[in-house]
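Student: Pasting a structure here, questions to come.
2 protein chains.
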Amino acid sequence: MAPKYGQTTMTSTTLEIRNSQKQQLAPLNLPNRLLLGPGPSNAHPTVLQAMGMNPLGHLDPQFLGVMDEIRSMLRYVWQTENAMTIAVSGTGSAAMEATLANAIHQGETVLIASMGYFGNRLIDMAGRYGAQVKSITKPWGEVFSLAELRSAMETHRPAILALVHAETSTGACQPMDGIGDLCREMGALLILDTVTSMGGVPTHLDDWGVDLAYSCSQKGIGCSPGASPFTMGDRAWTKLQARTTPVENWYLDMNLLSKYWGPERVYHHTAPVNLYYGLREALRLLCEEGVENAWKRHQTNAEYLWQQLESIGLSMHVDKQYRLPTLTTVRVPEGVDAKAVSARMLKEFDLEIGNGLGELAGKVWRVGLMGYNSRRENVDHLIDVFKQVL
Amino acid sequence: MAPKYGQTTMTSTTLEIRNSQKQQLAPLNLPNRLLLGPGPSNAHPTVLQAMGMNPLGHLDPQFLGVMDEIRSMLRYVWQTENAMTIAVSGTGSAAMEATLANAIHQGETVLIASMGYFGNRLIDMAGRYGAQVKSITKPWGEVFSLAELRSAMETHRPAILALVHAETSTGACQPMDGIGDLCREMGALLILDTVTSMGGVPTHLDDWGVDLAYSCSQKGIGCSPGASPFTMGDRAWTKLQARTTPVENWYLDMNLLSKYWGPERVYHHTAPVNLYYGLREALRLLCEEGVENAWKRHQTNAEYLWQQLESIGLSMHVDKQYRLPTLTTVRVPEGVDAKAVSARMLKEFDLEIGNGLGELAGKVWRVGLMGYNSRRENVDHLIDVFKQVL
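Quick mapping for you: the protein sequence lines, in order, are chains A and B. Here the first sequence is numbered in the numbering used here, starting from 128 and rising by one per residue. Here the second sequence is numbered in the numbering used here, starting from 128 and rising by one per residue.
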């Protein structure tokens with residue numbers, strides 16, 4: 128018997144229903160895992176509770192208030208006064224793309240200083256927005272000296288320098304002293320990836336002279352992924368206003384987004400309201416702790432992790448001087464199957480650590496102590512599991 | 128006293144902390160509202176509960192299983208067998224942009240048949256991807272005849288025809304009979320916006336000959352916004368493979384996304400895992416109900432709404448023949464301040480309805496009965512509130 132839906136009001140033919148892709152599933156029932164990989168990390172229970180709250184409309188005055196709170200707290204965590212500071216309705220990669228899409232004018236030179244996987248991603252993305260991409264690279268695990276950056280800037284004279292502060296693929300932290308001044312001297316904008324630093328590692332965007340930056344919600348901030356910090360300062364905003372063609376990305380066009388996040392409140396897209404609830408709560412908890420205390424907590428727990436790892440005979444891939452407190456690359460001992468170890472940890476202990484990415488695949492594990500997960504007891508548990516598995 | 132974080136391991140200068148943007152906030156405390164606007168709609172309690180579950184890693188085998196379940200159930204709800212069916216990690220507008228970004232080759236002609244605000248958005252977006260955009264329009268609230276579409280196709284000979292099935296700004300539903308055949312005859316791809324139809328109005332993508340389609344999670348599907356259905360069939364996939372330059376959008380590049388959602392499981396971005404939990408549960412409930420029954424429920428409750436609105440002297444903007452069951456545009460009576468009425472409903476009754484958008488601003492209200500909210504008691508409550516407020 129043909130279904131009877133809508134025959135009087137829908138003008139389409141009444142067609143047969145195909146059930147080949149229909150599923151009969153039990154309610155979602157997931158293991159409770161400790162996520163000590165490169166992210167997502169576990170979110171604070173308060174954050175998770177907020178994500179399950181009844182949604183509000185994306186133009187509801189109460190929701191607009193939540194957006195304003197988020198903007199302000201993002202500025203605090205990043206240490207910037209940039210008016211154009213928002214959360215992009217996508218993951219960190221969308222926020223990364225937003226910085227490039229809004230900063231690049233077709234045909235101009237963009238210099239990417241890449242020290243790992245996410246620097247390489249910047250190279251790929253920048254090319255898609257019509258940039259003449261130039262790049263310099265470092266072995267994975269090392270960082271650039273200011274002299275190296277200056278030399279490349281003098282060679283290529285780029286309109287934009289983009290680099291990664293905290294390289295999630297290597298665990299290295301790029302020193303920022305002098306880079307902002309260099310960019311100003313050369314008349315270039317500075318784009319900074321703070322995906323694995325924001326909230327867990329000192330970020331002083333204004334003092335550093337950063338023009339555009341992006342991050343994610345699921346690492347130092349301690350939320351779940353999906354709503355991602357984005358900021359741009361006056362120099363970048365002025366350049367955006369000088370465009371004669373629309374930004375080549377509608378969803379991430381800051382001209383449009385600024386009218387939704389700003390006082391005009393012009394509808395752009397339907398915000399992922401429940402994610403913003405979680406982000407607001409995670410940022411509230413970070414304000415409660417004080418960002419300088421959060422940075423210190425990450426540093427203290429990371430140093431404890433390194434010491435404990437060394438005590439069981441493991442060593443770190445990155446020099447201590449440049450080592451991220453949020454994400455540690457641990458060398459895989461000779462003869463050990465890295466993926467087998469992490470798979471066993473996941474299966475037998477409900478503990479996730481990350482495998483190496485790109486050049487470091489098979490050579491390191493990636494251990495994250497980020498946001499809510501940066502706690503001493505998590506280090507003790509991890510070490511205990513490492514002892515059993517190795 | 129200067130903060131002491133990281134002086135031994137971070138090479139950046141230790142800088143003062145600025146607290147000007149720091150917030151001291153109470154825990155999130157939001158009103159419990161009934162959302163009968165154009166979306167988001169309220170999500171089923173089971174869906175909200177799932178969104179607050181402990182996250183898994185985006186490459187965790189258990190999470191990859193959730194992704195597979197989502198893919199299959201999206202195909203069922205849309206009535207398609209397209210292999211490349213996924214949820215995009217952004218809202219419906221991102222999924223809209225994904226169809227254009229992956230379908231348009233620079234310089235080719237794209238015909239947009241626009242009958243409202245979201246058709247106009249397609250025009251804006253398509254231009255950003257290098258299309259020669261041609262458009263035809265209808266007064267807001269009307270739909271295209273097949274003859275009108277054929278005439279425009281013969282005039283412009285486009286490589287792509289894009290149109291909106293369920294126009295959220297007008298409440299009109301475009302009949303789909305013959306459009307797919309027309310596009311095949313003319314050698315064009317067919318892109319269809321099903322944002323306000325999927326799950327609530329019959330969508331037979333394969334029978335209709337649709338090549339690419341997109342939707343959202345927060346309407347007929349009954350989830351919260353942020354993870355958005357996308358599908359492309361073989362003809363569109365073949366065209367994508369024939370590109371000689373990368374898709375001009377990294378985040379939405381289906382070549383990359385297919386490697387994450389497919390058997391290769393190559394990392395692309397960190398999926399918004401908690402949103403996918405909610406989407407999986409909403410789709411599971413839809414499978415449990417049966418999509419044909421969900422469509423019927425939307426139709427039955429919409430007809431009851433129309434009848435009840437007429438009984439209190441209100442009239443509908445769209446001819447009954449083309450009226451969407453998910454979203455109804457209600458004419459604002461002469462002399463009534465539309466925005467004041469909806470604002471009072473929100474403030475005094477915790478009830479959200481939508482205001483008119485674009486050409487229909489001030490002329491209609493937009494009432495949604497979508498997903499979990501398509502229930503008879505919601506109609507009764509709305510009518511009761513209308514009686515008190517008007």
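Note that beta-carbon positions come from the ideal geometry of N, C-alpha and C, so glycine has one too. Quick caveat: nothing in here was measured; it's all calculated off a predicted structure.
1. Using a Cβ-Cβ cutoff of less than 6 Å, which residues in the same chain neighbour residue 273(A) once the five nearest sequence positions on both sides are dropped?
2. Would residue 517(B) and residue 463(B) be called neighbours here (beta carbons separated by less than 8 Å)?
3. Can you pull the chain B neighbours of residue 179(A), defined as C-beta to C-beta under 7 Å?
4. Check the DSSP bridge columns for residue 341(B) and list the partner residues they point to.
5. Among 207(B), 164(B), 189(B), which has the Cα closest to the Cα of residue 148(A)?
6. Taking the alpha-carbon positions, what's the residue 312(B) to residue 249(B) distance?
7. So residue 185(A) contacts chain B; which residues on that side make the cut at Cβ distance below 8 Å?
8. How would you call residue 286(B), buried or exposed, if buried means at least 16 neighbouring beta carbons within 10 angstroms?
9. Alpha carbon to alpha carbon, what distance is there between residue 360(A) and residue 128(B)?
10. Would residue 148(B) count as contacting chain A if we go by Cβ distances under 8 Å?
11. Alpha carbon to alpha carbon, how far is residue 184(A) from residue 511(B)? Give it in angstroms, no decimals.
12. Answer yes or no: do residue 384(B) and residue 354(B) have a C-beta to C-beta separation smaller than 8 Å?
13. According to DSSP, is residue 366(B) part of a helix, a strand, or is it coil?
14. Give, in chain order, every unbroken run of the alpha helix (DSSP H) that is at least 4 residues long and sits entirely within the region 189-249 of chain B.
15. Contact between the region 182-202 of chain B and the region 152-171 of chain A: three or more CB pairs below 8 Å?
16. Hey, residue 150(A) and residue 199(B) are a contact pair by Cβ (cut 8 Å); roughly how many whole angstroms apart?
17. Residues of chain B with CB closer than 7 Å to the CB of residue 404(A), please, in chain order.
18. How many angstroms separate the CA atom of residue 265(B) from the CA atom of residue 477(B)?
19. What does residue 345(B) touch in chain A if you count any residue whose Cβ is under 8 Å from its own?
20. Have a look at residue 404(A) and residue 193(A) and give me their C-alpha separation to the nearest angstrom.
21. Listing by chain order, which chain B residues have their CB less than 8 Å from the CB of residue 486(A)?
22. Just how far apart, CA to CA, sit residue 474(B) and residue 493(A)?
23. Using a Cβ-Cβ cut-off of 8 Å, state whether residue 492(B) counts as contacting chain A.
24. Ordered along the chain, which non-local residues of its own chain (more than five positions away) have a Cβ less than 6 Å from that of residue 243(A)?
25. With distances taken Cα to Cα, identify the nearest neighbour of residue 394(A) among 397(B), 220(B), 374(B), 364(B).
26. Quick one: which chain A residues come within Cβ less than 7 Å of residue 400(B)?
27. Judging by CA-CA distance, which residue of 466(A), 467(A), 454(A), 377(A) is the nearest neighbour of residue 323(A)?
28. Going by CA-CA distance only, name the one from 315(A), 467(A), 191(A), 144(A) that's closest to residue 386(A).
29. Since residue 290(B) and residue 362(B) should fall inside the 8 Å C-beta cutoff, what is the C-beta to C-beta distance between them, to a whole number of angstroms?
30. Go to residue 276(B), then tell me how far its alpha helix (DSSP H) extends in each direction, as first and last residue.
31. Less than 8 Å between the beta carbons of residue 397(A) and residue 345(B), yes or no?
32. In three-state terms, what does DSSP make of residue 291(B)?
33. Measure the beta-carbon distance from residue 299(B) to residue 276(B) and round it to whole angstroms, keeping in mind my assumption that it falls under 8 Å.
34. With burial defined as no fewer than 16 other Cβ atoms inside 10 Å of the residue's Cβ, what is the status of residue 261(A): buried or exposed?
35. Using a Cβ-Cβ cut-off of 8 Å, state whether residue 409(A) counts as contacting chain B.
36. May I ask you to report which of helix, strand or coil DSSP gives residue 409(B)?
Tutor: Working from what's here:
1. 305
2. yes
3. 175, 176, 178, 179
4. 320(B), 357(B)
5. 207(B)
6. 23 Å
7. 167, 352
8. buried
9. Because residue 128(B) sits at a pLDDT of 33, beneath the cut-off of 50, its placement in the model cannot be relied upon, and the following sentence gives the value as read from the coordinates. Computed Cα separation, rounded: 29 Å.
10. yes
11. 21 Å
12. no
13. helix
14. 219-230
15. yes
16. 6 Å
17. 155
18. 35 Å
19. 182, 397
20. 7 Å
21. The premise fails here: residue 486(A) is roughly 14 Å from chain B at the closest Cβ pair, so nothing lies under 8 Å.
22. 50 Å
23. no
24. 267, 294, 296, 297
25. 220(B)
26. 167, 351, 352
27. 454(A)
28. 191(A)
29. In fact, because the Cβ distance is near 17 Å, the residues do not count as touching under 8 Å.
30. 273-283
31. yes
32. strand
33. Contact doesn't hold; Cβ gap of about 15 Å is too wide.
34. buried
35. no
36. helix
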